[in-house]
């Protein structure tokens, strides 16, 4: 770096500006990648680049930093998809505790819940970036166009295509309180091994996904269909829950339950729901993905 870049005052100012934007930058990167670790790496790389930038001519530091973060995220997302081809079993986004860190969803909670993050996986990286900037952060189309280096018309088309894709798959979600009620009822029926009661809670097309990346007891393929999922959950009732306490946490702006054994969270489970019942069971058992919910059990 040049001499003028290394003065204490200059770096203090740079850090002050960056800290004001840090949560937004993390929010962009996390929604793009579904990974806390990758998002933290993106934020750190953005800071490194910000330090070595000639900042005096930058009128809108927030926009500049968001552009760096988004473009880095697009690049990482492209390589992440290749890495996930070797992942053992279903891949789910890494949970983030929005109870302890409400700033993550402070502007808009859009593109935080698991169901939406999973649907975003089906978009191209640029579609995902355009959707996240527009729906989660309310960026105007001209700014989105600048960030992802396309025309304003193209930016509108990208967001429109993303919305259409997500709308075609999304069902009307129930309120968070009702979501917790359904999850609580599921936990009771699951521990009792009551397949008939479980079926009553499930939508016809329910799917159970378990992200364990090869850990013991983690199902390596999704299980789908009301009857099949009910039998699957009931089958492990008499050993899976033994010796575990259940707590509640709010992750990704939705209620979830934690299973704690010997003081360690071994599983997090949450659901995607609609007016016809539970549509997705989402189990996270991969230890590296549970580090941000490990202190949140009740």
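In UniProt numbering, the protein residues as written are 1 to 298.
The C-beta atom is built at its ideal place from N, Cα and C for all residues, glycine as well.
All of these numbers come straight from a predicted model, not from anything done at the bench.
- Residue 147 places its beta carbon less than 8 Å from that of residue 66.
- Three or more Cβ pairs closer than 8 Å define a contact, and the region 70 to 82 meets that threshold against the region 119 to 135.
- Straight through space, the alpha carbons of residue 157 and residue 140 are spaced by roughly 13 Å.
- Below 8 Å, too few C-beta pairs join the region 194 to 208 and the region 241 to 248 to call them touching: fewer than three.
- The continuous alpha helix (DSSP H) containing residue 179 extends over residues 176 to 192.
- Of the residues assessed, residue 114 falls on the buried side of the cut-off, its CB having 16 or more other CB atoms within 10 angstroms.
- The three-state secondary structure of residue 53, taken from DSSP, is coil.
- Taken through DSSP and simplified to helix, strand or coil, residue 283 comes out as strand.
- In the DSSP assignment, residue 209 falls within the unbroken beta strand (DSSP E) covering 202 to 211.
- In the DSSP assignment, residue 248 forms a beta bridge with 257.
- In the same chain as residue 91, and ignoring 5 residues on each side of it, the C-beta atoms closer than 7 Å to its own belong to 84 and 211, in chain order.
- When rounded, the separation of the alpha-carbon atoms in residue 155 and residue 138 is 13 Å.
- Beta-bridge partners assigned by DSSP to residue 97: 251.
- A check of alpha carbon separations from residue 277 across 201, 221, 226 and 26 identifies 201 as the nearest.
- Cβ-Cβ separation between residue 265 and residue 256: approximately 11 Å, too far for a contact (criterion under 8 Å).
- With a contact defined as Cβ atoms closer than 8 Å, residue 270 and residue 198 miss out at about 16 Å.
- Under the criterion of beta carbons closer than 8 Å, residue 72 and residue 119 do not qualify as touching, at roughly 23 Å.
- Shortest Cα-Cα distance from residue 254 to any of 228, 214 and 176 involves 176.
- C-alpha of residue 37 to C-alpha of residue 220: approximately 23 Å in a straight line.
- DSSP lists 207 as the bridge partner or partners of residue 224.
- In the DSSP secondary-structure assignment, residue 264 is bridged to 261.
- Scanning 188, 31, 35 and 21 for the CA closest to the CA of residue 289 turns up 35.
- Residue pairing by DSSP places residue 274 opposite 277 in a beta bridge.
- Taking C-beta atoms as the reference points, residue 204 and residue 226 count as a pair closer than 8 Å.
- Note that the C-beta distance between residue 49 and residue 28 is not below 8 Å.
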